[in-house]
Ligand SMILES: [Zn+2]
Ligand SMILES: [Zn+2]
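Listed below in structure tokens is the structure:
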């Protein structure tokens, strides 16, 4: 049984996740912790639960999902994994922060590792099938854990909504296609952890999401 811990961070109210297993191995997804107090909240959770952080993953590399990445990579001495098609988003982090007038505490590392879509991503008994779901950003992925019946889906599908597609590399029809051809192929009872707002399920969004019915 995996533990899914959710934090909500930064002015964009972004959801950050720590997935951990019984032997205290942990994976951090989309660390949006920006302020020092937010970074401390995450670090305290890791310390208090004696977690052994294995890596950081990005569903995509919009600024609100990666404010805390550089801090975590150096503190826990781990690697960052992203989809190669989102490197362009990742590389624009500093420019976009400047555009929003957000000071940067620590510059991103230059070379994240690229996810391989063909094999499950596995750390100990934490296994993710990687779903390629572009549209909100060009290299957006979702992390599906079949055994525990959940998907960490970033800014693709939301409760009663979908990701915005007006940012660079966004594509509305591609996003709809990604959701219908990938996420909606998962079992109805799959819990969807979203990048902003509440959890939902695949079945509920199939039935009720006004953008998709
Ligand atoms: Zn986003
Ligand atoms: Zn976001």
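Residue numbers (our numbering): 29 to 241.
The beta-carbon is built from N, C-alpha and C at its ideal position, and this holds for glycine as well.
Query                                                                                     : Result
Integer-rounded CB distance, given that residue 180 should sit under 8 Å from residue 221 : 5 Å
Where residue 80 falls: helix, strand or coil (DSSP)                                      : strand
One or two residues paired with residue 170 in a DSSP bridge                              : 159
Extent of the continuous alpha helix (DSSP H) to which residue 127 belongs                : 121–128
Check: residue 165 C-beta below 7 Å from any heavy atom of ligand 1                       : yes
Per-residue DSSP class, three states only, for residue 118                                : helix
Delimiting residues of the beta strand (DSSP E) encompassing residue 62                   : Here residue 62 belongs to no beta strand (DSSP E), and DSSP marks it neither H nor E.
From 129, 175, 100, residue whose alpha carbon lies closest to that of residue 291        : The requested residue 291 does not occur in the structure, where the chain is confined to residues 29 to 241.
Residues that DSSP places opposite residue 106 in a beta bridge                           : Partner(s): none; residue 106 has no beta bridge.
Residue 237 versus residue 212 - alpha carbon distance                                    : 12 Å
Beta-carbon spacing of residue 206, residue 162 below 8 Å                                 : yes
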